[in-house]
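K.L.:
The opening residue of the sequence shown carries number 141 in the numbering used here; numbering runs sequentially from there.
The C-beta atom is built at its ideal place from N, Cα and C for all residues, glycine as well.
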Amino acid sequence: MKITAVRTMPIKIPFYKGEKWAGGTRYSAPSLIIQIETDEGFIGIGESVGPTIPVIQTVVDKEFAPFVVGRDPMELESILHRLEEYCVNWKQIGYYGMAGIEMALLDLRGKILNTPAYNLLGGKVKTEVAFVGYIFIDAPETNAEEARKFAAAGYTELKMKVGRDIDLDARRVKAVREAVGPAMKIRIDANQNWSVPTAIKAIRRMEKYDLQMVEQPTRYDDVDGMAAVARAVDVPIIADEGCATYEDALRLIDKRACACFLVYPSEAGGILKAKQIVDLANHAGIWCVTGSWAETGIGTLGNVHLVASSRNFPFANDTHLNFMTGDLLREQLAFHQGSIKVPDRPGFGIDLDLAKLELYGTDFEREMVFYDPKDPQFQPRIGQIL
Ligand SMILES: [Mg+2]
Numbered sequence: 141m142k143i144t145a146v147r148t149m150p151i152k153i154p155f156y157k158g159e160k161w162a163g164g165t166r167y168s169a170p171s172l173i174i175q176i177e178t179d180e181g182f183i184g185i186g187e188s189v190g191p192t193i194p195v196i197q198t199v200v201d202k203e204f205a206p207f208v209v210g211r212d213p214m215e216l217e218s219i220l221h222r223l224e225e226y227c228v229n230w231k232q233i234g235y236y237g238m239a240g241i242e243m244a245l246l247d248l249r250g251k252i253l254n255t256p257a258y259n260l261l262g263g264k265v266k267t268e269v270a271f272v273g274y275i276f277i278d279a280p281e282t283n284a285e286e287a288r289k290f291a292a293a294g295y296t297e298l299k300m301k302v303g304r305d306i307d308l309d310a311r312r313v314k315a316v317r318e319a320v321g322p323a324m325k326i327r328i329d330a331n332q333n334w335s336v337p338t339a340i341k342a343i344r345r346m347e348k349y350d351l352q353m354v355e356q357p358t359r360y361d362d363v364d365g366m367a368a369v370a371r372a373v374d375v376p377i378i379a380d381e382g383c384a385t386y387e388d389a390l391r392l393i394d395k396r397a398c399a400c401f402l403v404y405p406s407e408a409g410g411i412l413k414a415k416q417i418v419d420l421a422n423h424a425g426i427w428c429v430t431g432s433w434a435e436t437g438i439g440t441l442g443n444v445h446l447v448a449s450s451r452n453f454p455f456a457n458d459t460h461l462n463f464m465t466g467d468l469l470r471e472q473l474a475f476h477q478g479s480i481k482v483p484d485r486p487g488f489g490i491d492l493d494l495a496k497l498e499l500y501g502t503d504f505e506r507e508m509v510f511y512d513p514k515d516p517q518f519q520p521r522i523g524q525i526l
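(1) Quick one: what does DSSP say PRO150 is sitting in, helix, strand or coil?
(2) Verify whether the separation of the beta carbon atoms of GLY321 and TYR295 is less than 9 Å.
(3) Closest to ASN254 by C-alpha separation, out of VAL375, TYR386 and PHE182, would be which residue?
(4) To the nearest angstrom, report how far apart PHE276 and MET141 are at their CA atoms.
(5) Does DSSP put ASP307 in a helix, a strand or coil?
(6) Mind reading off the beta-carbon distance from ALA162 to PRO520? Whole number of angstroms is fine, and I expect it under 8 Å.
(7) Let me have the residue list for ligand 1: C-beta closer than 7 Å to any non-hydrogen atom, ordered along the chain.
(8) According to DSSP, LYS299 sits in a beta bridge with which residue or residues?
(9) Tell me which residue opens and which closes the alpha helix (DSSP H) that SER218 is part of.
(10) To the nearest angstrom, report how far apart MET366 and ASP309 are at their CA atoms.
(11) Tell me which residues share the same chain as ASP179 and place their Cβ nearer than 7 Å to its Cβ, disregarding the 5 neighbours each side in the sequence.
(12) Quick one: give me the first and last residue of the alpha helix (DSSP H) that GLU355 is part of.
(13) Roughly how many angstroms separate the alpha carbons of THR358 and ALA399, rounded to a whole number?
(14) Kindly indicate which residue of PHE518, ASN462, ILE522 and ASP493 has the alpha-carbon position closest to the one of ILE185.
(15) Can at least three beta-carbon pairs, one atom from the segment 166–180 and one from the segment 148–156, be found at a separation below 8 Å?
(16) Keeping to the same chain, check which residues put their C-beta closer than 8 Å to that of MET214; ignore five residues upstream and five downstream.
(17) Closer than 7 Å by C-beta to PRO280: which residues in its own chain qualify, once you throw out the five before and the five after it? Chain order, please.
(18) In the DSSP output, which residue or residues are listed as bridge partners for ALA257?
(19) May I ask which residues mark the beginning and end of the alpha helix (DSSP H) holding ALA339?
(20) Considering Cα atoms alone, identify which of HIS445, ASP361 and GLU498 is closest to TYR269.
(21) When DSSP labels each residue in this structure, what does PHE453 get in the three-state scheme?
(22) Going by Cα to Cα distance, which pick from ALA370, LEU469 and GLY410 is closest to LEU461?
(23) Indicate the three-state DSSP secondary structure (helix, strand or coil) for GLN416 in the structure shown.
(24) What is the DSSP secondary structure of HIS445, reduced to helix, strand or coil?
(25) Can we say the segment 254–265 touches the segment 418–436, given the rule of at least three CB pairs closer than 8 Å?
(26) Identify the residues that DSSP records as bridge partners of SER479: which are they?
(27) GLN197 lies in the alpha helix (DSSP H); which residues open and close that run?
(28) Check ARG391 in the structure and name its three-state DSSP category.
(29) On the DSSP bridge list, what partners appear for ILE143?
(30) Given a cut-off of 9 Å on the beta-carbon distance, is the pair LYS266 and VAL403 in contact?
(31) For a test of the three-state rule: what should DSSP assign to SER432, helix, strand or coil?
(32) How close, in whole Å, do the beta carbons of VAL375 and LEU351 come, if the pair is a contact with beta carbons under 8 Å?
(33) Can you tell me whether ASP124 is buried or exposed? The criterion is at least 16 other CB atoms within 10 Å of its CB, across all chains shown.
(34) My output table needs one value for GLU159: the three-state DSSP class, helix, strand or coil.
Encoded structure:
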C-alpha cells in the first residue's frame, strides 16, 4: 500500500464569546485539517493546531508532504524519523505540522488494521475521558453563573483563566467557589503573567478557596523561578508553556519545578511523542493532563485516545469545544457529566463531515491567538505583573 496524497485545509470556527485570558482575547479556533490518502482507498485524518496556521500549512504542504507521498503508511517510525531530522533546526514550528501528519498516519493504521487507535497506543485504560469546564476572564457574577451551569451539567473540575488583575481574580475565584460549593475542583491558569514574588503572593491570597492546582504562574523559560514558586506554596503547580517537548519535561523534572505537566500532542510533535512525556512523568511521580490550542472534534478525539490509553491522567483535561459554534464531525461530540465516551470505531473514530469542512474552510487568513484584534492597545505583560 502506498500513500498517494497529503491534503490540507485550513479552517476557522467562531466562538460563542471572546475568550479573554492573560495574553489576549480569542474569537475563534483556527486549525489545519490533514487528510492522507492511499492507493487502496483508505484515508487517514489528522489535525494540526498551533500559533500560526498559514506557516504550519506551508510546512506540511511544501516541506513534509514530499517525504510522505509514496511511502507505505505502516512505516510510521521511519517516516516520523525523517520528518524529525529534517526540521531539527526549526523544530518548534515543525512539530506542529508533524503532529497533524502523525495523527493522520495513526488514523490510517487503525483503519487498515480495523482497530481503534487506542489499541495502537497501549490499549484502553478508561472508557471515558473527563474534561474541565473552562472559565475565561469576565465579571465575578458572570463567571459564577458559568460555573453553576457546568456544575449542573455534571462537570467536576473547572479551570479559570487569571493573571491580568489579582484583585479581580481573587473576587472571581471567590464568587465561583461560593457558586459551586466545596466538592468542585477549581484550578487557575496565569499563563506566565506573574513575576515570582507576585505568583507567591497571589497564590497565598487565593489558596483559601481550595485551589486544585495553579498553571504556569511564571515565565515559561524561568524553570528556577517556577521551582521557587513550587517550594513556597502548598498548591501544586502545573507546567504549561514551559512543557512543550520531551527536553522541557526533563528540565522541569531536574529542577522539581512542578507537580503536573500539561501535555499537548500538537507541541510535542504528535501523540506518540506526547506519550513519551507521559511515560517520563509517570517515572518521575508527576501527573499529566492534556492541554488544548482549541482543537476541533478531530484533534479532541486524538487527545481522547491518548488519555484513554495512558495510566497517568488522573484529572479532567482541557477543551474549548464548549465555546465553539460548530464542528467538523457529522455528529458533534457529546459531553456526559463532563466526559466524552471513547469511540470504538477503527482509527480515532472520526466521522468527518465534508460539507462542514467546506463551510468552515478559510483562506490563508491571519488569526491572532495572542493579543486582541478588537483592542489594539492591549499588550500582554508576561512575567511583569509585580
Ligand atoms: Mg495554560
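P.N.:
In terms of the structure at hand:
(1) strand
(2) no
(3) PHE182
(4) 47 Å
(5) helix
(6) 6 Å
(7) ASP329, ASN331, GLU355, GLN356, ASP380, GLU381, LEU402 and GLY431
(8) TYR274 and ARG327
(9) 216–226
(10) 20 Å
(11) MET141, LYS142 and THR144
(12) Unbroken run through GLU355 is the beta strand (DSSP E), 351–355; no alpha helix (DSSP H).
(13) 15 Å
(14) ASP493
(15) yes
(16) MET141, ARG249 and ILE252
(17) ARG311, ARG312 and ALA315
(18) According to DSSP, ALA257 bridges with nothing at all.
(19) 336–346
(20) Inspection of the sequence shows that residue 269 is occupied by Val rather than by Tyr. Out of HIS445, ASP361 and GLU498, HIS445 has the C-alpha closest to the C-alpha of VAL269.
(21) coil
(22) LEU469
(23) helix
(24) helix
(25) no
(26) ALA270 and HIS476
(27) 193–198
(28) helix
(29) THR178
(30) no
(31) coil
(32) 5 Å
(33) In the structure displayed, the chain extends from 141 to 526; residue 124 sits before or after that span and is not available.
(34) strand
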